[in-house]
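All remarks here apply to the structure that follows.
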Amino acid sequence: MPLQFADRLNNVETSAIRELFKLLGKPGIISFAGGFPDSAMFDVDGIRAASNAALDEEPGAALQYGATEGYQPLREQLAAFMASKGAQDIAPENLIVTTGSQQALDLLGKTLISPGDKVIVEGPTFLATIQCFRLYGAELISAPIDGDGVQTDVLEQLIAEHQPKFVYLIPTFGNPSGALLPLERRKKVLELAVKYNTLVVEDDPYGDLYFGEAPPPSLLALSAQVPGSRELLVHCGSLSKVLSPGLRVGWMIAPPELLAKATMCKQFSDAHTSTFAQATAAQYLKAGRMPATLARVRAVYAERAQAMGDALRKELGDAIAFVQPQGGLFVWARLTGAGGKVADGNVFAKRAIEKGVAFVPGAPFFCSQPDNATLRLSFATADADKIREGVARLARAL
Ligand code: PMP
């Protein structure tokens, strides 16, 4: 007899992207497909020193069960980290440590979404968010973006029309969009939260990865200036992109009532995030290594982003349109079809693999009305020479 699965699994399917990833094992392929940071950039010495310190100083706490809310010294370090990024008024008690920010998204699904509830997300948005919220039965509504992120005038219409349970945004160097939401739009989002009494979730794993000047303050930091907005704001952070995704350390800042419910759900899910990983992360932050690490990864990704942008402009010219990213890991591009060239990202992705270069077509990142001409190109894991060679292959594929 076939296994009988829960009805909620009918809401999701394994992504088309997974099929593509199977082809990546081909020898010699240059991949712009992953969403990973570059493992060559991990501060192995720093993390080794931090894990040694964790075992030397508090072996019991680092290896024992711990509080669901998180390891207190890490909560303190994370509150200080948020303060260094402009959110000065976050107490350790205002955040819980999560097993990656992915778990924060899952906890939001668990605590907020009943089947049929409406949630507004950007079109395009992070694929795992789409899948996670759908698993809880959310009806997702797509708010369009432009080169500056979500279009706040359209967002207002959608909020007014649908009265969503919440709005989920990646305002800083979005995945996959790479877009940076300007200050005025950030303020507008917070004003909309207050005007329509709508919860807003700010997912921010990329905010530290800026290339030039610092981006505008996070929604969280700005909410101190917009009366009433802090009570309607959730902020998800992560060490994955700047330090190590394998540590699985993320955090969620939310209004106390929501944080309490999320903590309860987390208790039944993984009891707590690995105490060893948390103690290691706490020691790493305490040792003051983060600023140097951030400077190093920003410089490397900045060079790669520039190399990719320059190569795309040179090799593909007007066959492709994109905004040069100011941070993050991704170039979000659109095939224009200029010169009668292929303008379907799915078709192009297959041809590109035949030519030895991989990327992810953009369509799966839309919860509705996919734009099939879009592509996501990661510049994170190949060095500048590889990037130039990969883009040359893209041009040949086109
Ligand atoms: N949100 C976004 C927008 C992401 O791109 C990712 C990772 N790709 C995550 C959340 C999850 O990251 P982690 O669980 O490693 O913190």
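Residue numbers (the UniProt record's numbering): 1 to 398. C-beta atoms are modelled at their ideal positions from N, C-alpha and C, and glycine is treated no differently. Predicted, not measured: the structure shown is a model, and the values here were computed from it.
In the DSSP assignment, residue 266 falls within the alpha helix (DSSP H) that extends over 256 to 269. In the assembly as shown, residue 252 is a buried residue. Its beta-carbon has 16 or more other beta-carbons within 10 Å.
Separation of residue 287 and residue 188 (C-alpha to C-alpha, rounded to the nearest whole angstrom) is 38 Å. Using a cutoff of 7 Å, the CB of residue 362 does not count as near ligand 1, since none of the ligand's heavy atoms is closer than that. In this structure, residue 203 has its beta carbon less than 7 Å from a heavy atom of ligand 1. Residue 397 is a Cβ neighbour of residue 352, given a cutoff of 8 Å.
DSSP places residue 239 outside both helix and strand once states are collapsed to three, so it counts as coil. Distances taken from the Cβ of residue 30 to the heavy atoms of ligand 1 include none shorter than 7 Å. Taken through DSSP and simplified to helix, strand or coil, residue 143 comes out as strand. By the C-beta density criterion, residue 136 is buried, having at least 16 other C-beta atoms within 10 angstroms. Distances taken from the Cβ of residue 126 to the heavy atoms of ligand 1 include one shorter than 7 Å. Going by C-alpha positions, residue 349 is about 43 Å away from residue 264. No heavy atom of ligand 1 is found nearer than 7 Å to the CB of residue 178.
By the criterion of at least three beta-carbon pairs nearer than 8 Å, the segment 300 to 317 is not in contact with the segment 213 to 228.
The Cβ atoms of residue 27 and residue 282 do not sit closer than 8 Å to each other. Here residue 14 is exposed: its Cβ has fewer than 16 other Cβ atoms, across all protein chains shown, within 10 Å. By the Cβ test, the segment 115 to 135 is in contact with the segment 165 to 184, since at least three Cβ pairs between them sit closer than 8 Å. In the displayed model, residue 99 falls within a strand according to three-state DSSP. Secondary structure remark: continuous beta strand (DSSP E) runs of at least 3 residues inside the segment 287 to 338, in chain order: 320 to 322, 330 to 335.
Counting C-beta pairs closer than 8 Å gives three or more between the segment 225 to 239 and the segment 186 to 204, which meets the contact rule. When rounded, the separation of the alpha-carbon atoms in residue 241 and residue 49 is 20 Å. Here residue 378 carries a strand assignment [DSSP, helix/strand/coil]. Taking a contact to require three or more Cβ pairs closer than 8 Å, the segment 321 to 335 and the segment 173 to 182 qualify as touching. In the three-state scheme derived from DSSP, where H, G and I count as helix and E and B as strand, residue 358 is classed as strand. Just so you know, the alpha carbons of residue 383 and residue 304 end up roughly 6 Å apart. Taken from the Cβ of residue 34, every heavy atom of ligand 1 lies 7 Å or farther away. Boundaries around residue 169 are those of the beta strand (DSSP E), 166 to 169, since no alpha helix (DSSP H) includes it.
Contiguous alpha helix (DSSP H) elements confined to the segment 50 to 88 occur at 59 to 63, 72 to 84, taking only those with 4 or more residues. At the C-beta level, residue 30 and residue 309 stay beyond 8 Å of one another. C-alpha of residue 79 to C-alpha of residue 43: approximately 22 Å in a straight line. Burial state of residue 227 is exposed, judged by a 10 Å Cβ sphere holding fewer than 16 other Cβ atoms. Nearest Cα to residue 159 within the set 123, 197, 271, 172: 197. When rounded, the separation of the alpha-carbon atoms in residue 96 and residue 294 is 23 Å. When DSSP states are grouped into helix, strand and coil, residue 253 belongs to the strand group. Around the C-beta of residue 64, fewer than 16 other C-beta atoms lie within 10 Å, and the residue is accordingly described as exposed. If the five residues before and after residue 41 are omitted, its C-beta is found closer than 8 Å to the C-beta atoms of 296, 297, 300, all from its own chain and listed in chain order.
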